[in-house]
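In what follows, a single structure is set out as structure tokens and then discussed.
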Amino acid sequence: MAGYVLRRLLHAIPILAGVSLLVVLSAHLVPGSPGESFVGEKGTPEAIRALNESIGWYDPLPVQWGRLVWGALRGDLGRSFATRRPVLDELRERVPATVELALAAFVIALPLGLLLGAVAALARRWPWSVLDHLTSTLALAGISFPVFWLGLLLQIAIYPMQQRLSPLYTLEPVTGLYVLDALLAGDPALVRDVLAHLALPALALSTIPLAVIARMTRAAMREVLGQEFVRTARAKGLGPVRITLRHVLRNALVPVVTVTGIQFAALLGGAVLTETVFQWPGLGTYIVEAASRKDLPALQGAVLVVAVVFVAANLTVDLLYVALDPRIRAGLEGRR
Amino acid sequence: MATAGTRTGRRWRVGGQTALGLLIVLALFVAAVFAPAIAPHDPYATRPDHALQAPGGSFWFGTDALGQDIASRVVYGARISLWIALGAVGLACVLGIPVGAVAGYAGGRIDTLLMRAADMLMALPSIVLALTITAALGRGLINVVIAVGIAESPRFARQMRAAVLELRERDFVLAARALGASPPAILWRHILPGALGPLIVIATLGLGTAVLDAAGLGFLGLGAEPGTPEWGTMLSDNVAYLRDYPWICLYPGLAIAATVLGFNLLGDGLRAALDPRSG
Amino acid sequence: MTSRRQTVRRRLGALAIAVAIGALAVAPLGCDRGGTAGGAKRSANTSTFVYARGADAVTLDPQKMDDGESVLVAANIFEGLVRYAAHGTEIEPALATSWEVSEDGLRWTFTLRKGVRFHDGSPCDAEAVVFTFSRIIDPKHPAHDAEILNTALYQDIERVQALDARHVRFTLRRALAPRLFLGNLTVYTAFIVPPGKLASREARDAFARQPIGTGPFVFERWETGQRIVLRRNEHYWGPKPAIERVVLLSIADNGARRRLLEAGEVHAIDGVNPIDVERLAKTPGVRVIEQPGMSVGYLAFNCRNRPLDDPRVRRAISLAIDREALVRLNFHGHAQPAVQICPPTVLAPPEGAHAPGRDLERARALLAEAGLEPGHEFTLWAMPIPRPYMPEPKKIAQLIKSQLAEIGLRCTIVTYPWDIYLHKTRQGEHDMCLLGWTADVADPDNFLFVFFHSANLGGTNFSFFSDPGIDTALLEAQTLRDPARRIRLYRRLERELAERAPLVPLVHPAQLAAVREQVRGFVLHPTGRKLFAGVRLTGRSPE
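Those sequence lines, one after another, are chains A, B and C. Residue 0 is where the first sequence starts when you use numbering that gives the first Met the number 0, and the numbers rise one by one after that. Residue 0 is where the second sequence starts when you use numbering that gives the first Met the number 0, and the numbers rise one by one after that. Residue 0 is where the third sequence starts when you use numbering that gives the first Met the number 0, and the numbers rise one by one after that.
Pasting the structure below:
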């Protein structure tokens, strides 16, 4: 087991190095340079050149890539070209915001998705099947709405009613997670304020995982419901609630865990549009800023975080799989 | 084995939802093909004297800050979205399917290498990929198609690889191999037809994703040429007007949502019809 | 600080176990609560001025900054030798109390104000002035870095030397018009910095995050992307500010900024979107401030490309553009249609002059004369992002495109991400491109030399215009010591450039800000600076 985890982690290193290479290539394949975005319309060619030279932009690409990878291996992500601050410091400010948003979206999506999915799966017979059609269509609609548009609509629908949504300027950052900071500060008004801030983007962001989880729960439960042992349980006279809880849900959990894990990873890395719409100071907006400025160290740092989360989530999902499904566990141990 | 009750239920569901999806997709095609006949006005004409008019009169959906007719722009937008979606999915197929086929059929190192590359593409946020591609190539519809197509291709590669792995050891494939058929011939003649069902489902769902991705790119300001009636671009160009003139953003957004919903409904229906296990 | 760092590291670790939500809930419980003693603070009292703007500062090292948001902060922390008067562009003493210029105009001697100290207590003396300027003009100076951008403004300075602790002498390579030379000294690049804080590269990077100046406000705190807090300088040499603290918030979204002001949670906002002016003006308790600025939004022709190398084609296009419509539709009336290249705040236009009207007949005639067939196609480049001088460049491009269609010219609108846009237009890949300029110095030189001198090809000369006669005249104008003659020369240049039309000046946008009613003494200076030293708050404050 430990060997398996180690092997998987080792496999991640070339992927991460490759991602870092893509970052370097992507910035250099495109015309323009960090200096140009820094000086704007005022620059002279000499100033641009000097700036680019000072950050090693004209070094051969393998050198630049090597510098980034070597730094990252030693735990030093370098300094941002644009702000000249350590990338690690900047990520420390941005990552908690994204984690918080993703968690909040999940707090909405997971229970609701499970509930809707279970209801749809169980509501098989007319007239209950109407519920199934309704939730299925809703779930599909959830996937179909552009998140950024939903965000925009939520903003006009809700802001006029809540004029007093203040910015977070009154909050002293301690952990970086606003909800926790507000709780730590012990000011109920502040907590309400922060939650109100979090609610809209989290709601907009939750639609897709909610829909995906609901659909997967429904499909997995339907499959289990048709299987032999459920009918046996029913024949034994077990009540529908007990059957659902003990047998169906548990057995349907494996695929649900998979999509949940993947969706969570996607939320951490893929909230670019939602963060842009809501001006959320997280990883997504950081990536867009860094990419638009060709800020290699910043871009590499942010993308590495996303890639690590992706790899970690995949691994976690696989491990949970093993834990939940005895057949796979047996297989793994047999291989060893 | 499902009971009689579920079976009727499923048929009803497949019928109703798929029909709705089909209807939406058909409407999209009609709007795209007959845009000049349907649109009430020239979608590009600017009318300084009719700027920011509320919906009503000859401007069904109102006008934007330049006095352009939103209804006509939404109708013409169907053309652009359809073309982006078909182009991107086509490109994703062309890129993804051969890679998946080779990986699955060859196995070993080649498989590992190709799938690692696919993992890498998937580990990189697709928006960064798209940012880079559109930045390198400039704005424009073709470049949106390329960006979205590349971003979607790993999914096709994975599906094709899975199908190849499943079919590779089947009797008819083994028989063909024993008869001396070349690997490309086997892939083309025996495996691809067997993998077609799930690929069609993925492609249909991919059409929806492509529309969504393209709109997202447009929203980030990386879409079509400014002024093109592309739905995402229409949204991003008018965010400042959202609060006081909500109709400018309402209709393009609705059009995106409806189109994606249509493809998703259709894809779901196809999945139910083509893949007996799901449902 | 360490406790925070540890917490975050722990959180990053927890992240790796991703799905285990429980772990994240537990981690903070283990963290040290000592750091929370300060807790949440509400800026409730009348002595704190809360100001919301669109973006955060980039650096607070005045020599390295180049963006308005950084300058806004620095101009309240730092000072130069001289400055523009609070409401106009007359030059008045700041850190220097007086100055003398030699007969030949080559030697300027400044007398420094007595007893001025930096916020850390070190004296602001001749040594600091010499250090600051050597850092700018001498690439080999130990405190010089590549990010010092505005060196061109000071390239005529040959040497700066301290005569004694309170006297500094500038030796110039050629005599400059006093208004130009002194104007350059008002720019943020020439703000005086303390030499002791800038010795090493590390020290300079730290200084850029923790600046020390001589100005009316002392830097207190910077939370990147969120806010910068300044505190009143209790030892300021001049009149002490009425407010104790300034909180500068970065709120990127125009709508959110406006809502905060409407709700009374901030005292003032800038970057007001022209379409929001009407609504804000009607909001009770809110006042909109509109002031002419020093910027121009323009359309530059690539004078090297056929057929735009023909001035008749360029003039025809200029005649086909409806500037009034741009102002109405794009700026909602809050801009002036451009009469000339320099905004009126910098060079008063000749009396009775008004923006060139549309003349489609004449435009068509000029095109015919130039032998250009109708239907000719151009690329029209539009910036991807709003700029202070042009909030909606893509809409402007669409309007110009439809206006040019009326004289039979077709345009393809081209846009790229910002750095690529600049790169490609500097390479001359465009036929026409939209751009603009906000001047640092209230002098026509800061427009005309910048746009048209051949030395700026590949830099700020986006028209690829190069003419020896104009070059000579631009250089001569820099040295004319008689102000009246100088203005006559610039007016002549404006006339000639209008005739040859290497670029079409479109608009001079107004500066727009909005404040709560209890705010007094808030001024939008033509240079775009916002100075908080004169701000007072009366009566009830937000919260």
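Just so you know, even glycine gets a beta-carbon here, dropped at the ideal spot from N, CA and C. Note that the structure is predicted; figures quoted are calculated from it, not measured.
Nonlocal neighbours in the same chain, by C-beta distance under 7 angstroms from residue i, ignoring five residues either side
{"i": "Val-190(A)", "result": "Ala-181 and Leu-182"}
{"i": "Ile-406(C)", "result": "Ala-315, Ala-319, Leu-359, Ala-362, Arg-363 and Leu-366"}
{"i": "Ser-69(C)", "result": "Ala-56, Val-57, Thr-58 and Leu-59"}
Sheet register partners of residue i (DSSP bridge)
{"i": "Ile-288(C)", "result": "Ala-512(C)"}
{"i": "Met-389(C)", "result": "Arg-386(C)"}
{"i": "His-507(C)", "result": "Gln-335(C)"}
{"i": "Thr-62(B)", "result": "Asp-68(B)"}
{"i": "Ile-268(C)", "result": "Ala-51(C) and Ala-513(C)"}
{"i": "Ser-249(C)", "result": "Arg-52(C)"}
{"i": "Glu-376(C)", "result": "Arg-409(C)"}
{"i": "Cys-432(C)", "result": "Ala-299(C) and Trp-380(C)"}
{"i": "Val-228(C)", "result": "Arg-220(C) and Val-246(C)"}
{"i": "Glu-91(C)", "result": "Arg-82(C)"}
8 angstroms CB neighbourhood of residue i in its chain, flanking five on each side removed
{"i": "Val-295(C)", "result": "Ala-337, Ile-340, Cys-341, Pro-342, Tyr-388, Gly-435, Trp-436, Phe-446, Pro-504, Leu-505, Val-506 and His-507"}
{"i": "Gly-21(C)", "result": "Residue placement at Gly-21(C) is poorly supported in this model, since its pLDDT is 34, which falls under 50; the coordinates are not used for a value here."}
Residue i at chain B interface by Cβ criterion, 9 angstroms
{"i": "Ile-12(A)", "result": "no"}
{"i": "Ala-290(A)", "result": "yes"}
{"i": "Thr-478(C)", "result": "no"}
{"i": "Val-29(A)", "result": "yes"}
{"i": "Arg-84(A)", "result": "no"}
{"i": "Val-287(C)", "result": "no"}
{"i": "Pro-296(A)", "result": "no"}
{"i": "Ile-142(A)", "result": "yes"}
{"i": "Leu-151(A)", "result": "yes"}
{"i": "Val-287(A)", "result": "yes"}
Distance CB(residue i)-CB(residue j) smaller than 9 angstroms
{"i": "Lys-63(C)", "j": "Asp-144(C)", "result": "yes"}
{"i": "Phe-117(C)", "j": "Ile-211(C)", "result": "yes"}
{"i": "Gly-261(B)", "j": "Gly-215(B)", "result": "no"}
{"i": "His-429(C)", "j": "Thr-471(C)", "result": "no"}
{"i": "Ala-289(A)", "j": "Ala-301(A)", "result": "yes"}
{"i": "Thr-134(A)", "j": "Val-118(A)", "result": "yes"}
{"i": "Asp-48(B)", "j": "Asn-237(B)", "result": "no"}
{"i": "Tyr-83(C)", "j": "Thr-526(C)", "result": "yes"}
{"i": "Met-293(C)", "j": "Ala-54(C)", "result": "no"}
{"i": "Thr-170(C)", "j": "Val-186(C)", "result": "no"}
heavy atom of the ligand PLP below 8 angstroms from residue i C-beta
{"i": "Trp-107(C)", "result": "Absence of the ligand PLP is noted for the structure shown, with no ligands found whatsoever."}
Any chain A beta carbon closer than 9 angstroms to residue i
{"i": "Phe-279(B)", "result": "A query on residue 279(B) cannot be resolved here, the shown segment of chain B reaching from 0 to 278 and no further."}
{"i": "Val-57(C)", "result": "yes"}
{"i": "Gly-457(C)", "result": "yes"}
{"i": "Leu-173(B)", "result": "no"}
{"i": "Arg-535(C)", "result": "no"}
{"i": "Leu-178(B)", "result": "no"}
{"i": "Gln-510(C)", "result": "no"}
{"i": "His-452(C)", "result": "no"}
{"i": "Gln-209(C)", "result": "no"}
{"i": "Cys-248(B)", "result": "yes"}
Contacts around residue i, its chain only, beta-carbon distance under 6 angstroms, and the 5 residues preceding and following it disregarded
{"i": "Pro-306(C)", "result": "Val-312 and Leu-371"}
{"i": "Ser-19(A)", "result": "Leu-67, Val-68 and Gln-299"}
{"i": "Lys-394(C)", "result": "Asn-329"}
Short CB-CB distance (under 9 angstroms) between residue i and chain C
{"i": "Thr-134(A)", "result": "no"}
{"i": "Lys-235(A)", "result": "no"}
{"i": "Leu-65(B)", "result": "yes"}
{"i": "Pro-44(A)", "result": "yes"}
{"i": "Phe-37(A)", "result": "yes"}
List, from N- to C-terminal side, the beta strand (DSSP E) runs of 3 residues or more that fit wholly inside the segment 90 to 130 of chain A. List check, beta strand (DSSP E) in window: nothing returned.
Residue ranges of each alpha helix (DSSP H) within the segment 96 to 168 of chain C, 4 or longer: Qualifying alpha helix (DSSP H) stretches, in chain order: 125 to 136.
Where in the segment 28 to 73 of chain A do unbroken runs of the alpha helix (DSSP H), each at least 4 residues long, occur, reported from the N-terminal end onward? Within the segment 28 to 73 of chain A, the runs of alpha helix (DSSP H) that reach at least 4 residues and sit entirely inside it are, in chain order, 33 to 38, 44 to 53 and 60 to 72.
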